Each structure stands twice: as structure tokens, then as C-alpha cells.
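Take the sequence shown: its position 81, counting from 1, is numbered 81 in UniProt numbering, and each next residue is one higher. Virtual Cβ for every residue (Gly too), placed ideally from N, Cα, C. All of these numbers come straight from a predicted model, not from anything done at the bench. Here is the structure we will look at.
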Amino acid sequence: MGQAKADCTFAASRKGCFMKVSIVGVGKVGVTLGYAVVTKSLASELVLVSRSAGRTRGESLDLQHAAALSPGRVAVRSGDLEATKNSQVVVLALAESAEKGGNALDRIASAEPNARLFQAVVPKLAELSPEAILLIVSNPVDVLTYATLKLSGFPANRVIGTGTLIDSARFRSLLSAYYNIHSDDIRAYILGEHGDSQFPVLSAVFAGGWHMGQDPVVKQLFEKTLNVAPEVFLSKGYTNFAVASAAAMILEAIQDNSHHTMPVSTLVQGYYGIEDVCLSLPAVIGRNGITQTLKIALNEEEQAQLLHSARQLSAVNARLASFWQGDSR
Numbered sequence: 001m002g003q004a005k006a007d008c009t010f011a012a013s014r015k016g017c018f019m020k021v022s023i024v025g026v027g028k029v030g031v032t033l034g035y036a037v038v039t040k041s042l043a044s045e046l047v048l049v050s051r052s053a054g055r056t057r058g059e060s061l062d063l064q065h066a067a068a069l070s071p072g073r074v075a076v077r078s079g080d081l082e083a084t085k086n087s088q089v090v091v092l093a094l095a096e097s098a099e100k101g102g103n104a105l106d107r108i109a110s111a112e113p114n115a116r117l118f119q120a121v122v123p124k125l126a127e128l129s130p131e132a133i134l135l136i137v138s139n140p141v142d143v144l145t146y147a148t149l150k151l152s153g154f155p156a157n158r159v160i161g162t163g164t165l166i167d168s169a170r171f172r173s174l175l176s177a178y179y180n181i182h183s184d185d186i187r188a189y190i191l192g193e194h195g196d197s198q199f200p201v202l203s204a205v206f207a208g209g210w211h212m213g214q215d216p217v218v219k220q221l222f223e224k225t226l227n228v229a230p231e232v233f234l235s236k237g238y239t240n241f242a243v244a245s246a247a248a249m250i251l252e253a254i255q256d257n258s259h260h261t262m263p264v265s266t267l268v269q270g271y272y273g274i275e276d277v278c279l280s281l282p283a284v285i286g287r288n289g290i291t292q293t294l295k296i297a298l299n300e301e302e303q304a305q306l307l308h309s310a311r312q313l314s315a316v317n318a319r320l321a322s323f324w325q326g327d328s329r
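Shown next as C-alpha cells:
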């Protein structure tokens, strides 16, 4: 039997077809995303999977009760990897703890322990849901998006990382507050790595036709954006709401087949000479994943920044290649 089709018969509160969404990794981000799925009716069925079966069952029960207070119908349950079978979307939010090599402040330092986790689960998830879209939230997200692409064997349009969607949202938030313009009316992208080598496309920052990027303040606000996530982490010990909201936005675009454009991590081939690396570019997202990547014109400085970002990520990918080439001992 093939994969079950998305169920379009549930809850008229949303215009899109409903679908089975599985979240693998139910830490702070995973459970926050689960809550968004329930309250925004982003699935007909939500499956939670983690290494802590007892706590995950508790989270699923709590979300079941929340679903009863929400406008749509979302069936929530927990289980093992087998429970994800025939998902339309599988979200990868798993990560190693600091005790086992994870590092929330230094994303690249978490690359090897988290790649090892992905090596253990991605092939099985791909086997269970061969037509699914794989959405990567874990860090370093660009490296793990590339790892997922290699480990799953899926086409690039069905492997998506949250990438710089969260960074771009933070940037727009600061621009909105400074200029007193609604963030929805500001077009501003941060591209490249979700990490130290990210950069703002100042040549394409606009609001109402006004080229905001020409104002020197905009670059200063980008510099401030770089410190926002560490500030949140140092204040509360983790980040969860913003990145979960970014993942929920991607799920909504998939569910509604909206073809919204957002900067997400995807495989790049042939853009300004970049080959075989995942990083963030503006992508159009619909029911089949990424329908197209918008290869916007960059000025010389931005091209150099993009190439630098690609080189940084390619170096990490090369160091971890054994994880998807079959020998990681």
C-alpha cells in the first residue's frame, strides 16, 4: 500500500487539506510546535516521538486536552518511530543534550553529536513515510538539512530547514519597532547560514516601495539581530517560541498550498557558482514542499557574503561526510 493521502474532511476552520504531522524530538521547541499545530489546526493527526516515552505520553495527553478547546479536530498521540508511518510531514527537532556534546549557543559545535542522532533515525523515517516532506528544526540546521537530504535520499524540494526564517523575522521585528511600520509590510531577508556567516540583503530591504536598506541604521539593526538569540538564551536558558512559530509557518504554507515565499534552508546548485550545500535562500513553499527557489540578484558585497557562508558550511559537511557515507565509527 502507498502512503495515505492528506485528509481534507476535517474542520472547516482552515481552507487547506489536513495531514498527518509527526514531530520527532519533543523538547522545548518540539512541544511548543506541537501546541501550535493543535491551536492553529495544522494537522488532522499529530504524532509525538522522543527518547523519553513517559514524558512524551504526558505531553501528548496535555495536547489532546488542549485540542478539545481548539476550533479544529486534531488527534494527538505519542509513539515510537513506527507511529510516524505515512506522515505527510515529519519534523526533526531532536538534539543531543549539553552533557552528550550538544551546545545551544555554538550551533556548529553540536554538528557531530546531532548528525549521529540523525544518522540513527532519518533512514527509518524515510522508509516509513517515503512521500513525506522532512522539516528540519535542529541545529546546526543547514548542516543537518544537508545530512537529512543525504540520509533520506529524498528530492531536495522535500527536505526543508527552518534556516534564516527566524533570523529574518527577528530582523523585521527590529525594523518594525524602529521605523514604526507593521512588520508584514517590510520585505527584508537574512540569507546564508543560520549562524555566524549569515548576512542581510540590504539591497532588497523595502517597505511600501521605500528602499529602507539605504539607511545606515538598517545595518546597525542587523548587527543587533545577531545578539537577539543569545540574549534570549542567556535570559531563560533556551529559545522556543520564535523558532516553533517559524516551523508552524512552513507547515501552514504546506497545508494550505499557499506558495508563500520565505527564506529557508535548501539545497543550492549553481547559484553564483555554489554547488551541493544547504543554506537559506528565498523559497516558494506549497503542498509538495519547495516549488521554486528565487535566485535574487545580489550586489558584489552580498555575493561575497553568500560565497563565504557556503564555504563555511561546505567545510563542516566535508568533516561529517562519513555519517551519510556509511562509516561514522
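Residue(s) in a DSSP beta bridge with residue i
{"i": "residue 212", "result": "Residue 212 is not bridged to any residue."}
{"i": "residue 135", "result": "91 and 160"}
{"i": "residue 77", "result": "47"}
{"i": "residue 24", "result": "49 and 92"}
Residue i classed as buried or exposed, judged by whether at least 16 other C-beta atoms fall within 10 angstroms
{"i": "residue 276", "result": "exposed"}
{"i": "residue 195", "result": "buried"}
{"i": "residue 25", "result": "buried"}
{"i": "residue 330", "result": "Residue 330 cannot be examined here, being either before or after the span of the chain that is shown, 1 to 329."}
{"i": "residue 216", "result": "exposed"}
{"i": "residue 299", "result": "exposed"}
{"i": "residue 318", "result": "exposed"}
{"i": "residue 198", "result": "buried"}
{"i": "residue 295", "result": "exposed"}
{"i": "residue 272", "result": "exposed"}
{"i": "residue 230", "result": "exposed"}
{"i": "residue 324", "result": "buried"}
{"i": "residue 305", "result": "buried"}
{"i": "residue 153", "result": "exposed"}
{"i": "residue 291", "result": "exposed"}
{"i": "residue 59", "result": "buried"}
{"i": "residue 289", "result": "buried"}
{"i": "residue 302", "result": "buried"}
{"i": "residue 311", "result": "exposed"}
Between the CA atoms of residue j and residue i - distance to the nearest angstrom
{"i": "residue 124", "j": "residue 315", "result": "27 angstroms"}
{"i": "residue 256", "j": "residue 61", "result": "27 angstroms"}
{"i": "residue 200", "j": "residue 219", "result": "8 angstroms"}
{"i": "residue 309", "j": "residue 191", "result": "9 angstroms"}
{"i": "residue 68", "j": "residue 42", "result": "15 angstroms"}
{"i": "residue 13", "j": "residue 39", "result": "Note that residue 13 scores 42 on pLDDT, short of 50, meaning its location in the model is unreliable and no value can be drawn from it."}
{"i": "residue 110", "j": "residue 45", "result": "31 angstroms"}
{"i": "residue 18", "j": "residue 74", "result": "9 angstroms"}
{"i": "residue 313", "j": "residue 71", "result": "42 angstroms"}
{"i": "residue 213", "j": "residue 116", "result": "41 angstroms"}
{"i": "residue 224", "j": "residue 269", "result": "31 angstroms"}
{"i": "residue 321", "j": "residue 151", "result": "11 angstroms"}
{"i": "residue 107", "j": "residue 161", "result": "14 angstroms"}
{"i": "residue 132", "j": "residue 193", "result": "25 angstroms"}
{"i": "residue 157", "j": "residue 253", "result": "14 angstroms"}
{"i": "residue 120", "j": "residue 91", "result": "15 angstroms"}
{"i": "residue 22", "j": "residue 278", "result": "23 angstroms"}
{"i": "residue 84", "j": "residue 232", "result": "32 angstroms"}
{"i": "residue 87", "j": "residue 211", "result": "42 angstroms"}
{"i": "residue 182", "j": "residue 172", "result": "9 angstroms"}
{"i": "residue 281", "j": "residue 76", "result": "33 angstroms"}
{"i": "residue 184", "j": "residue 245", "result": "15 angstroms"}
{"i": "residue 222", "j": "residue 155", "result": "33 angstroms"}
{"i": "residue 137", "j": "residue 228", "result": "18 angstroms"}
{"i": "residue 135", "j": "residue 89", "result": "7 angstroms"}
{"i": "residue 266", "j": "residue 47", "result": "25 angstroms"}
{"i": "residue 293", "j": "residue 264", "result": "10 angstroms"}
{"i": "residue 63", "j": "residue 297", "result": "44 angstroms"}
{"i": "residue 251", "j": "residue 128", "result": "20 angstroms"}
{"i": "residue 163", "j": "residue 247", "result": "10 angstroms"}
{"i": "residue 130", "j": "residue 20", "result": "13 angstroms"}
{"i": "residue 142", "j": "residue 205", "result": "24 angstroms"}
{"i": "residue 33", "j": "residue 208", "result": "32 angstroms"}
{"i": "residue 27", "j": "residue 97", "result": "10 angstroms"}
{"i": "residue 112", "j": "residue 189", "result": "29 angstroms"}
{"i": "residue 357", "j": "residue 93", "result": "Look at the range of the chain in this structure, 1 to 329, and you will see that residue 357 is not part of it."}
{"i": "residue 95", "j": "residue 114", "result": "6 angstroms"}
{"i": "residue 139", "j": "residue 307", "result": "21 angstroms"}
Cβ of residue i within 8 angstroms of any chain B Cβ
{"i": "residue 25", "result": "The structure shown contains no chain B, having only a single protein chain."}
Whole runs of the beta strand (DSSP E) within the UniProt domain "Lactate/malate dehydrogenase C-terminal" (164 to 316), excluding any shorter than 3 residues: 260 to 271, 274 to 286 and 289 to 293
Any 3 or more C-beta pairs closer than 8 angstroms across the region 175 to 188 and the region 151 to 167: no
Three or more beta-carbon pairs under 8 angstroms between the region 69 to 87 and the region 52 to 61, yes or no? yes
Using 8 angstroms as the cut-off, can you tell me whether the region 233 to 241 makes contact with the region 139 to 149, which would need three or more C-beta pairs spanning the two stretches below that distance? no
Report yes or no: do the region 253 to 269 and the region 280 to 287 share at least 3 C-beta pairs separated by less than 8 angstroms? yes
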